[in-house]
Amino acid sequence: MANTFTKPRGTIDMIGAQAEKYQKLVQTLNEKAHLYGVSPIITPMFEENKLFHRGVGETTDIVTKETFNLESKGGHEYTLRPEFTAGIMRAVIENKLYASPHMPLKLYYSGSIFRYERPQTGRYREPHQWGIEFLDEHLDEVSTVEVLLLMVSCLKAIGIENPILKINTLGSLTSRIAYKSALVEYFVPFIDSMCADCKARLETNPLRILDCKVEEDKKIASNAPIIRDYLTDEDKQEFEGILNKLQELGIEYEIDDHLVRGLDYYTGIVFEVYEKSHLNLGALGGGGKYDGLSKALGGPNLEGIGFSFGLDRLLLSLNDEDKEEPIDVMLYVQDDVSLMLKLAEELRKKNISTLIPHVGKSLKSALKMADGKRIKRFVFKKDDFYVVKDMEKNEQKECRYENILNNLSLGGK
Ligand code: HAM
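Printed below as a string of structure tokens:
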């Protein structure tokens, strides 16, 4: 076949049962967010390129290597969003949502993001995220704890009972300045043997060296100083306060001194979640506190905290079956098409899902289709009667047109 097309590398088609699972996952997460008083927000899939440079950070892989930049249009340089947080902050500033009497702002979102990464299992170029952001002039310990509670309870709601929650803190600016100079001092003697990225990071952001994936560099980084030894008393108190609250609430966590996250805007607590039988997928989600993003984007002083889940990774880590939802009724039509269309509409009005196969199909092939599509009741006309076949029990009853609904026996519908 000449000139057929394939999907771009690193993207996925979700079809039938898989697409249904994705939609249900988003719905469950949306419902959880609502339970915590969080409201939805939808922002554009592309933004000005500068927003991500300033927001996500000039020294991050996401911005320096992985963005999909659109051709310049009318003098604007646009980029497909590599994450949500910067775009949401832009929307909050532009729409002056920070002036709302209902602070803190609590927002949730979902959709595609775009990162030009090397594709592998659980790593795509158009991954899907679901996340939340809490924003206010000052966010207290309660907001942080609530964000973590929501994260864990979302995972439970979708069947991930025992997530591994890794936590670290990047401290305030004062703590980070002290820590960065300790890191530089530690890495300087090794830097010649380290990768080009680490060499650059030593200059631009030494914290990012801790996130290097090169095995030899990881070994060197494993003995590097840890931030906890450089926290100011105030930062230490704040971090311990959060950890104590989590303990009181029975939320299990591990402290990971090398967790620094791949985005530049974090300040304070950072965290990631994993599933122990799917560690190969990497983090199922991650987030943290970011106090300078609003200012960096020209907004007022606003503190933020949030996280995003990788929806594709969540789906891969759920070991449930790939089966499409059953459909209640299939109406097999031979002659009286109008009557069947009328009945189908009546059933749908009663919330009974109804499928009409291609008119003219043989009864045998329609029944075969009903089997494959997990149809509960198969209805067809036989002489002057209608036959309602229970596909699960393999039993059938005959009735008149006006009694079809009563004979479906779909429990409650
Ligand atoms: P992130 O860690 O870059 O954080 O992404 C969050 C999650 O998205 C990851 O843990 C992973 O599950 C998923 N993800 C990211 N990239 C890919 C990929 N290429 N393929 C598959 N899944 C992927 C953020 O994006 C921050 N905006 C999170 C945040 C919100 N921080 C504060 N608020």
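Heads up, the sequence shown is in the numbering used here, so the first residue is -9 and it goes up one at a time. Where is the CB? At the ideal position from N, CA and C, for every residue including glycine.
- For the region 94 to 140, there is no continuous alpha helix (DSSP H) assignment of 4+ residues that stays within its boundaries.
- The C-alpha of K156 is placed about 15 Å away from the C-alpha of G240.
- Within 7 Å of the C-beta of E37 there is not a single heavy atom belonging to ligand 1.
- Taking the Cβ of F375 as the reference point, every heavy atom of ligand 1 lies at 7 Å or farther away.
- In this structure, the C-beta of Y280 approaches ligand 1 to less than 7 Å from one of its heavy atoms.
- Collapsing the DSSP output to three states places E37 in a strand.
- Nearest Cα to D207 within the set N384, V178, D326, K383: V178.
- Of all alpha-carbon atoms in D326, D325, R166, R115, the one lying nearest the alpha-carbon of K(-3) is that of R115.
- If the five residues before and after A9 are omitted, its C-beta is found closer than 7 Å to no C-beta atom of its own chain.
- In the three-state reduction of the DSSP assignment, Y280 falls in the strand class.
- M381 sits in coil when the DSSP states are folded into three classes, being neither helix nor strand.
- For D318, the enclosing beta strand (DSSP E) covers residues 317 to 322.
- F297 has its Cβ nearer than 7 Å to a heavy atom of ligand 1.
- By DSSP's assignment, H66 forms a beta bridge with K63.
- In this structure, the C-beta of Y114 approaches ligand 1 to less than 7 Å from one of its heavy atoms.
- With a cut-off of 8 Å on Cβ pairs, the region 208 to 225 is not in contact with the region 273 to 290, counting fewer than three such pairs.
- Using a Cβ distance threshold of 8 Å, L138 and K170 do not count as a contacting pair.
- The beta carbon of G27 sits closer than 8 Å to those of K96, all from its chain and outside the five residues before and after it, given in chain order.
- Secondary structure note for T159: its beta strand (DSSP E) is the uninterrupted segment 154 to 159.
- By the neighbour-count criterion, in which a residue is buried when 16 or more other Cβ atoms sit within 10 angstroms of its Cβ, F229 is buried.
- One alpha carbon belongs to E127, the other to G300, and they sit about 28 Å apart.
- Pairwise C-beta distances place the region 82 to 101 in contact with the region 30 to 37, as three or more of them are shorter than 8 Å.
- Rounded to the nearest whole angstrom, the CA to CA distance from G64 to L41 is 17 Å.
- Between the region 182 to 194 and the region 119 to 126, the count of C-beta pairs closer than 8 Å stays below three; the two stretches do not touch.
- Take I78, set aside five residues on each side of it, and the residues of its chain with a beta-carbon closer than 7 Å to its own are I31, T33, L97, Y99, E123, in chain order.
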